[in-house]
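Heads up: the structure comes next, in structure tokens.
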Amino acid sequence: YWELNPSELEWLDTVYGALREAEGEHVGSALYVHIPFCESLCTYCGCNTRITRNRSVGVPYIETVLKEWDLYRCRLAERGFTGALPLTELHLGGGTPTFLRPDELETLVSGILGHCRPQPDAEFSVEADPRVTTHEHLDVLAKLGFKRLSLGIQDFDPKVQEVVHRVQTEEQVRVVTEQARELGYTSINYDLIYGLPFQTRKSIQDTIAAVQRLRPDRIAFYAYAHVPWIKPSQRRFTEADLPAGDEKRALYELGRSMLEGVGYREVGMDHFALESDSLWTAANSRHLHRNFMGYTSRRVSPLIGLGVS
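Under my numbering, residue 720 is the last one in the sequence shown; the count climbs by one each step, no gaps.
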């Protein structure tokens with residue numbers, strides 16, 4: 412809840428001040444780029460999306476995002492911040508970033524990085540839908556410096572997948588996971604949701620068992636938020652179809668117990684990581700931070716958002 416609504420000038424002054432502070436501490440900033448497009452609507456989703464199969468929307472969207480990036484740089488230059496932006500984190504989210512063709516992703520990322528100065532320990536990450544993500548997508552992004560990949564899984568149970576309109580097999584997820592690892596991605600995250608329609612202890616057990624076989628480095632295990640008055644697509648099912656109260660809590664406790672039983676450690680709210688992952692290291696060393704995307708292993712400021720979000 413924002414008590415103050417900053418003007419454009421106040422926001423730019425804040426970004427400028429944070430950049431100067433980051434430079435003084437020899438750290439970089441973060442960029443988040445939102446790509447809203449998805450081929451189909453997942454009915455649980457609360458993100459800002461545009462559902463389309465029309466691939467021609469990609470190029471004009473990229474051009475507009477890069478214009479927005481130019482606006483930021485021009486306004487910051489007016490305040491005295493010239494040159495390349497020191498960059499510690501770059502994240503592509505959505506929607507489905509891999510809705511864009513590999514060459515379009517390269518145009519977008521190259522257009523941004525052309526005016527950045529990535530720090531030696533910079534981390535680039537991307538969200539992906541296993542159903543539309545190809546080896547070429549992963550390869551192009553790896554060559555641009557991406558080492559982190561987050562896959563939207565939610566649940567592996569066919570009945571749950573059908574009602575939330577997110578049908579994907581364990582095999583599809585395995586292929587993308589293994590391809591990413593072969594290309595040098597060092598941290599892979601799976602997004603899971605508990606409290607979805609028709610979820611049961613059995614479906615959670617089966618989902619977590621599949622996750623154990625695939626062994627991602629991190630897991631986000633979120634609670635489903637039922638807000639059909641905001642997201643009308645959630646009217647495909649009713650509250651009577653949802654586990655609630657103690658039943659919903661039991662699904663989380665079961666998932667947590669299974670994950671901890673195979674070496675994952677709970678990090679703050681909703682997140683789990685292997686002890687080899689930097690998120691767990693940061694939690695132990697008390698360097699953990701949280702932004703709108705979840706937990707991060709360090710403080711990065713400012714975070715500049717580009718795109719429709």
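Ideal Cβ positions, reconstructed from N, Cα and C, are used throughout, including at glycine.
Where does residue i fall in DSSP's three states?
| i | result |
| --- | --- |
| SER467 | helix |
| THR707 | strand |
| GLN579 | coil |
| GLY716 | strand |
| GLU474 | helix |
| VAL453 | According to the sequence provided, residue 453 is Cys. The question's Val does not apply to it. CYS453: coil per DSSP, three-state reduction. |
| LYS570 | helix |
| VAL444 | strand |
| HIS437 | coil |
| ARG660 | helix |
| ASP540 | coil |
| LEU607 | coil |
| GLY494 | coil |
| GLY504 | strand |
| THR499 | strand |
| GLY595 | coil |
| LEU555 | coil |
| SER418 | coil |
If we count the other Cβ atoms within 10 Å of its Cβ and call it buried at 16 or more, is residue i buried or exposed?
| i | result |
| --- | --- |
| HIS698 | exposed |
| ILE641 | exposed |
| CYS453 | buried |
| ALA539 | buried |
| ALA631 | buried |
| THR649 | exposed |
| VAL638 | exposed |
| THR475 | exposed |
| TRP422 | exposed |
| THR707 | buried |
| VAL578 | exposed |
| ALA591 | buried |
| SER536 | buried |
| HIS502 | buried |
| GLU534 | buried |
Comparing alpha-carbon positions, which option in the options lies nearest residue i?
| i | options | result |
| --- | --- | --- |
| ARG612 | ASP657, VAL584 and LEU662 | LEU662 |
| GLU570 | ALA539, VAL476, ASP481 and ASP652 | Here residue 570 is Lys; the residue named in the question, Glu, does not match the sequence. The option with the nearest alpha carbon to LYS570 is ASP652. |
| ARG626 | GLN610, SER561 and SER644 | SER561 |
| GLN572 | GLY606, LYS554 and ALA591 | GLY606 |
| ASP566 | THR499, GLY672 and ILE604 | ILE604 |
| GLU450 | VAL438, GLU436 and SER467 | SER467 |
| ALA636 | ASP628, ARG629 and GLN645 | GLN645 |
| PRO529 | GLY439, PRO608, ASP568 and THR493 | GLY439 |
| SER521 | VAL543, PHE510, THR507 and ALA553 | ALA553 |
| ILE615 | ARG647, GLY666 and ARG585 | GLY666 |
For the putative contact between residue i and residue j, defined by C-beta atoms under 8 Å, what is the C-beta separation to the nearest angstrom?
| i | j | result |
| --- | --- | --- |
| GLY674 | LEU690 | Actually they are not in contact, since the Cβ atoms of GLY674 and LEU690 sit about 14 Å apart, beyond 8 Å. |
| TYR601 | LYS558 | At roughly 16 Å, the Cβ-Cβ gap does not stay under 8 Å, so TYR601 and LYS558 are not in contact. |
| PRO497 | ALA433 | 6 Å |
| VAL444 | GLY718 | 5 Å |
| ARG624 | PHE683 | So it is not a contact: roughly 16 Å between Cβ atoms. |
| MET704 | GLY504 | 7 Å |
| THR499 | PHE448 | That belief does not hold up - the Cβ atoms of THR499 and PHE448 are roughly 27 Å apart, past 8 Å. |
Is the CB of residue i under 8 Å away from at least one CB in chain B?
| i | result |
| --- | --- |
| ALA591 | The chain inventory of the structure shown lacks chain B, comprising one protein chain alone. |
- Item | alpha helix (DSSP H) segments (min. 4 residues) lying fully within the stretch 506-536 | The alpha helix (DSSP H) runs lying completely inside the stretch 506-536 and spanning 4 residues or more are 513-524, given in chain order.
- Query: Which whole runs of the beta strand (DSSP E) in the stretch 616-703 are 3 residues long or more, in chain order?
  - Reply: 629-634, 675-678, 682-685 and 700-702
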